[in-house]
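Enquirer: Got a structure for you, written out below as structure tokens; questions coming shortly.
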């Protein structure tokens with residue numbers, strides 16, 4: 548009975564991790580679009596202050612695009628690493644489940 552409880556707990560943990568991975572993958576595009584929209588709106592309202600800082604509109608646009616790319620890339624990379632870590636945990640739990648559910652725990656017999 549103890550072995551069955553352990554198997555059930557590991558399966559539950561594995562399913563929770565898989566669900567988290569799916570949710571992260573589903574939310575990622577909307578978060579990026581929201582971030583881009585937020586930056587665009589905030590730059591629109593703060594354009595006058597940034598214009599005096601950068602001088603002309605070409606430098607302002609170039610700096611804005613570069614800043615947006617850097618933050619978006621960092622955000623994507625952070626989420627990619629988080630997803631990969633969870634996938635490794637899922638795989639590790641799958642291997643542990645396989646070892647727990649094996650029928651023959653001894654060495655293989657050659658007859």
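Numbering (our numbering), first residue to last: 548 to 658. The C-beta atom is built at its ideal place from N, Cα and C for all residues, glycine as well.
(1) According to the neighbour-count rule (16 or more other Cβ atoms, all chains shown, within 10 Å of its Cβ), is residue 556 buried or exposed?
(2) If you reduce the DSSP assignment to three classes, tell me which class residue 649 lands in.
(3) Roughly how many angstroms separate the alpha carbons of residue 497 and residue 604, rounded to a whole number?
(4) Please list, in chain order, all residues of the same chain as residue 640 whose beta carbon is under 7 Å from its beta carbon, the five residues on each side excluded.
(5) Between residue 630 and the rest of its own chain, which residues show a CB-CB distance below 6 Å, the 5 nearest in sequence each way excluded?
(6) DSSP three-state label for residue 564, please.
(7) Does the distance from the CB of residue 601 to the CB of residue 592 come in under 7 Å?
(8) Tell me, to the nearest whole angstrom, how far the beta carbon of residue 615 is from that of residue 553; I am working on the premise that it is less than 8 Å.
Expert: By the coordinates alone:
(1) Locating residue 556 in the chain shown gives position 9, where the first residue counts as 1. When all chains shown are included, residue 556 counts as exposed.
(2) Position 102 of the chain shown, counted from the start, is the residue given in the question as residue 649. Three-state result, residue 649: coil.
(3) Past the boundaries of the shown model lies residue 497; the chain is included only from 548 to 658, so the question cannot be answered.
(4) The residue labelled residue 640 in the question sits at position 93 within the chain shown. Only 557, 560 and 561 meet the Cβ criterion.
(5) Counted from its first residue, the chain shown places residue 630 at position 83. Same-chain partners within the cutoff: 568 and 571.
(6) Residue mapping note: residue 564 aligns to position 17 of the chain shown, counting from 1. It is helical.
(7) Counting from one through the chain shown, the residue named residue 601 turns up at place 54. Counting from one through the chain shown, the residue named residue 592 turns up at place 45. For residue 601 and residue 592, no; Cβs fall outside 7 Å.
(8) Working through the chain shown from its first residue, we reach residue 615 at position 68. Working through the chain shown from its first residue, we reach residue 553 at position 6. With a Cβ gap of about 48 Å, residue 615 and residue 553 do not count as contacting.
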